[in-house]
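First comes the structure, then the notes that go with it.
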Amino acid sequence: MTHEEYKEMIKKAASQFKTGKPIFGKDGAFHQVLEDFLNAALEAEMDVHLEKTKPENRENRRNGKMPKEIKTAYGAVQINTPRDREGSFNPEIVKKRQTVLAEGLADRIIGLYGLGQSMRDIQKYLEDDFGEYISADTISNITERVWPEINEWRTRRLETVYPIVWMDAIHYKVKDESGIVTTRAIYNVIGVDSNGYKDLLGMYVSQSEGAKFWMQVLSDLKNRGVEDILIACVDGLSGFPDAIESVFPKTNVQLCVVHQIRNSLKYINAKSQKEFLKELKLVYAASTKTEAEIALKKLEENWAKKGSSSTCVGGFAPLFLLTFA
């Protein structure tokens with residue numbers, strides 16, 4: 026790929042990204058994961074319900090579906106609740122008149138997609154975290170239904186090139202082996218394809234975040250077909266850029282602006298931070314690299330006059346000149 030082709034792909038992806046799918050909310054990166062699981066779970070509940078009526082010689086059977094929208098922590102999702110001929114089916118995971126998903130349930134479902142590779146992992150997770158919502162029979166049936174979908178999703182082939190990829194973590198509550206609720210991290214890889222649409226490329230669980238762990242994640246992406254990432258957006262984790270370079274040597278690394286902003290405030294006294302952030306925004310929100318450089322120079326001059334040393338301001342400020350500018 027020539028330099029001009031590279032710039033054109035980035036420009037196209039960034040332009041369409043602005044009007045493309047959000048990470049959260051309708052059509053977001055997590056939207057389809059939630060929707061697929063909830064619909065599979067409802068179908069599994071119906072299977073169990075119909076199985077229970079067989080010994081009673083009741084002629085009960087499926088009778089279409091009822092669509093409805095459910096609000097979740099990741100935006101609204103569309104579900105299709107199965108109906109039975111008798112009208113006796115009462116789902117547990119999303120009840121008949123329920124319009125808002127139970128608190129914390131969305132995070133638990135998302136967590137399901139970052140687990141280990143065995144069917145038993147999935148079943149144990151469901152037993153530990155969903156037992157208060159659904160019966161043991163239903164959990165077993167859900168496992169059989171969702172396991173193939175989860176495994177297929179985690180191992181699916183990816184695009185060969187992604188102009189932009191984010192790598193970061195989300196945290197959620199989960200019960201450990203002793204039943205104690207603890208915070209767990211799932212590390213997400215979200216890519217923007219050449220048409221400007223976001224896709225959740227993978228979710229990974231680890232006890233701790235480190236360069237070695239991210240090396241495994243990057244290797245997984247490569248094994249699933251990714252040949253090049255043009256820009257990788259990451260936090261300031263030590264060794265992260267080196268891990269990226271070892272797997273994707275041509276990738277440009279862009280450190281997270283939010284993390285850089287937080288780090289920059291360490292050099293500014295509390296009373297001056299609001300004014301400083303206003304001027305700093307002119308750097309990282311500039312339309313072009315030239316505009317950013319001009320704003321950066323002005324920032325350094327202004328804050329040097331106010332007593333901030335050039336080391337304090339200039340030391341971090343160049344990081345705001347974004348890779349894609």
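FYI, the numbering for the sequence shown is 26 to 350, going by this note's numbering. Beta carbons are placed, not taken as given, at the ideal position from N, Cα and C, and that holds for glycine.
By a C-beta neighbour count over all protein chains shown, 10 Å radius and 16 as the cutoff for buried, is residue i buried or exposed?
i      : result
Glu70  : buried
Thr163 : buried
Pro188 : buried
Arg181 : exposed
Asn64  : buried
Val214 : buried
Ile205 : exposed
Ala310 : exposed
Look at the Cβ atom of residue i, then the Cβ atom of residue j, and state whether they are nearer than 8 Å.
i      : j      : result
Gly107 : Glu169 : A small fix is needed here, since residue 107 is Pro in this sequence, not Gly. For Pro107 and Glu169, no; Cβs fall outside 8 Å.
Tyr138 : Trp172 : no
Thr185 : Glu252 : yes
Val242 : Gly216 : no
Leu183 : Gly129 : no
Ala194 : Tyr212 : yes
Arg209 : Gly136 : yes
Lys291 : Val272 : no
Which residues in the same chain as residue i place their Cβ atom closer than 6 Å to its Cβ, once the five residues preceding and following it in sequence are excluded?
i      : result
Ile293 : Phe301
Ala9   : Look at the range of the chain in this structure, 26 to 350, and you will see that residue 9 is not part of it.
Ala66  : Ile118, Ile167
Asp72  : Asn166
Gln148 : Thr168
His196 : Thr208, Ala210
Met192 : Val214, Val259
His74  : Phe114
Cys281 : Asp260
Please list, in chain order, all residues of the same chain as residue i whose beta carbon is under 7 Å from its beta carbon, the five residues on each side excluded.
i      : result
Asn88  : Arg108, Asp109, Arg110
Thr97  : Leu59, Leu126, Ala131
Asn115 : Lys121
Asp61  : Glu174
Gln103 : Glu60, Pro92, Glu94
Asn176 : none
Thr78  : Asn85
Asp218 : Glu184, Tyr187, Asp224
By Cβ distance below 8 Å, which residues in the same chain neighbour residue i in space, the five residues on each side in sequence not counted?
i      : result
Lys90  : Asn105, Thr106, Pro107, Arg108
Thr276 : Asp253, Ile254, Leu255, Ile256, Ala257, Ile269, Glu270
Thr336 : For Thr336, the predicted structure reports a pLDDT of 41, less than 50, and the residue's modelled location is therefore unreliable. A value from the coordinates is still provided. Cβ within range, chain order: n/a, list empty.
Glu152 : Ala161, Ile164
Leu262 : Glu234, Gly235, Ala236, Trp239
Lys331 : Ser297
Gln123 : Ile95
Arg83  : Glu111
Ser356 : With the chain running from 26 to 350 in the structure shown, residue 356 is simply not present.
Ends of the alpha helix (DSSP H) at residue i?
i      : result
Glu270 : 265–272
Val217 : Taken as a continuous stretch (DSSP letters only), Val217 belongs to no alpha helix (DSSP H), being part of the beta strand (DSSP E) at 206–217.
Val242 : 236–248
Arg287 : 282–289
Glu76  : 56–78
Glu304 : 298–309
Asn115 : Element bounds for Asn115: n/a, residue is neither H nor E.
Val171 : 161–180
In the DSSP assignment, the beta strand (DSSP E) including residue i goes from what residue to what residue?
i      : result
Tyr229 : 223–230
Ala320 : Where Ala320 is concerned, there is no enclosing beta strand (DSSP E), although the alpha helix (DSSP H) it sits in stretches over 314–330.
Ala131 : It is not in any beta strand (DSSP E) - Ala131 instead sits in the alpha helix (DSSP H) that spans 130–137.
Ala103 : For the record, residue 103 in the displayed sequence is Gln; it is not Ala. Counting along the chain, the beta strand (DSSP E) containing Gln103 begins and ends at 100–109.
Glu94  : 87–97
Leu255 : 253–259
Handout entry: Any 3 or more C-beta pairs closer than 8 Å across the region 266–285 and the region 217–233
Key = In short, these stretches do not touch, since the Cβ pair count stays below three.
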